[in-house]
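Numbering (the numbering used here), first residue to last: 2 to 232. Idealized CB from N, CA, C, for every residue including glycine. One structure below.
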Amino acid sequence: MKGKTVGVLGGMGPDATVDFMASVIALTPAKRDQDHIRMIVDHNPQVPDRQEALRGDRSAVVGTLIDMCLRLEAAGADFLVMPCNTAHAFLNDVIAAIHVPFVHIIDETVGEIAKLQPASKKVGVLATIACVQSEGYQSAIAATGRRCLLPEEKTQFELMELIFRIKRGDKGTGVRRSMRRIATELMAQDADVIVAGCTEIPLVLGSADLDVPFISSTEVLARRTVALAID
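Quick look at the structure:
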């Protein structure tokens, strides 16, 4: 298979990046090593804290992301992806400095709602505090004529702590149970689809845990990556 090379801005967080890469491999229609997609990965956990940067000085994160993009371009990437939803809040400042297409995880994920659940009216979104504050999902979902449902403020802080626990390596029963409860609370508000708007969340929550359709931003991005790479 001769296809395009994908450049991956990774390390935000490390487990989520590995999960994304595993999804790309699993979704690729390959019968031998040579059929798989070439991925050039800048696995950089040293990207400054995105939560902090969105509350103040954005320049360090923007500069780091631009450097990563340019390195991936120079290494031969035909297009770029970033399996971190929160970091997309910085993307407008990054796009002007790069020369290859950048696949937007939030746009792709919201587009998947219309494909998989066209009749849905209320979309429950689980995401980081900074991602919620950047309103990426809210604006994209509103543009489709749907309503975005978010956890209440106290629950949003609990969700953030769960995400930090996952980043620390805790994927145990307690984290899984709490994540499922928060998703269930959105379902109780009549969410007819739940979106994992943080790539740590699918590490502990899946379709089998919920009574409504579950859309993983990780899987959506992986699927789109495969489609673009083998086109």
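Buried or exposed (CB count within 10 angstroms, at least 16 for buried), arginine 182: The residue given as residue 182 occupies position 181 in the sequence shown. Looking at its Cβ environment, which holds fewer than 16 other Cβ atoms inside 10 Å, arginine 182 is exposed.
Where valine 221 sits in the DSSP three-state scheme: Stepping through the sequence shown from its first residue, residue 221 is reached at position 220. Correct three-state label for valine 221: helix.
Minimum length 3: unbroken beta strand (DSSP E) runs contained in the region 46 to 95: 80 to 82
Glycine 46, buried or exposed, once every other Cβ within 10 Å from all chains shown has been counted against 16: For this step, residue 46 is matched to residue 45 along the sequence shown. The question names glycine, but residue 46 in the sequence shown is proline. Label assigned to proline 46: exposed.
Boundaries (first-last residue) of the beta strand (DSSP E) holding asparagine 130: As a working note, residue 130 is residue 129 in the sequence shown. Before going on, a small fix: residue 130 reads as isoleucine here, not asparagine. Counting along the chain, isoleucine 130 falls outside any beta strand (DSSP E), though it belongs to the alpha helix (DSSP H) covering 130 to 135.
Cβ neighbours of isoleucine 130 in the same chain (closer than 7 Å, five flanking residues each side left out): Within the sequence shown, numbered from 1, the residue matching residue 130 stands at position 129. Gln52, Gln157 and Met161, listed in sequence order.
Distance, aspartate 34 Cα to glycine 8 Cα: The residue you call residue 8 lines up with position 7 of the sequence shown. The residue you call residue 34 lines up with position 33 of the sequence shown. Looking at the two C-alpha atoms, the distance is approximately 19 Å.
Alpha-carbon to alpha-carbon, histidine 105 and methionine 188: Walking along the sequence shown from the start, residue 188 turns up at place 187. Walking along the sequence shown from the start, residue 105 turns up at place 104. Their Cα atoms are separated by approximately 26 Å.
Between the CA atoms of glycine 77 and aspartate 212 - distance to the nearest angstrom: Stepping through the sequence shown from its first residue, residue 212 is reached at position 211. Stepping through the sequence shown from its first residue, residue 77 is reached at position 76. The alpha-carbon atoms of aspartate 212 and glycine 77 are separated by roughly 43 Å.
Beta-bridge partners of cysteine 149, as assigned by DSSP: As a first step, residue 149 must be located in the sequence shown, where it is residue number 148. Paired residues: Val124.
Endpoints, alpha helix (DSSP H) assigned at valine 25: Within the sequence shown, residue 25 is the residue found at index 24, counting from 1. First-last of the alpha helix (DSSP H) with valine 25: 15 to 28.
Segment contact, 8 Å Cβ cut-off, at least three pairs: the region 138 to 151 with the region 163 to 173: no
When Phe80, Ala27 and Thr145 are compared against cysteine 4, the one with the closest alpha-carbon: By 1-based counting over the sequence shown, the position of residue 4 is 3. Before going on, a small fix: residue 4 reads as glycine here, not cysteine. If we check each option's Cα against that of glycine 4, Phe80 comes out closest.
Nearest to glutamate 220 (by Cα), restricted to the options Glu154, Leu10 and Leu28: As a first step, residue 220 must be located in the sequence shown, where it is residue number 219. Looking at the Cα atoms, Leu28 is the closest of the given residues.
Inter-residue Cα distance where the pair is threonine 6 and methionine 180: Here residue 6 refers to the residue found at position 5 of the sequence shown. Here residue 180 refers to the residue found at position 179 of the sequence shown. Between threonine 6 and methionine 180, the C-alpha separation is close to 35 Å.
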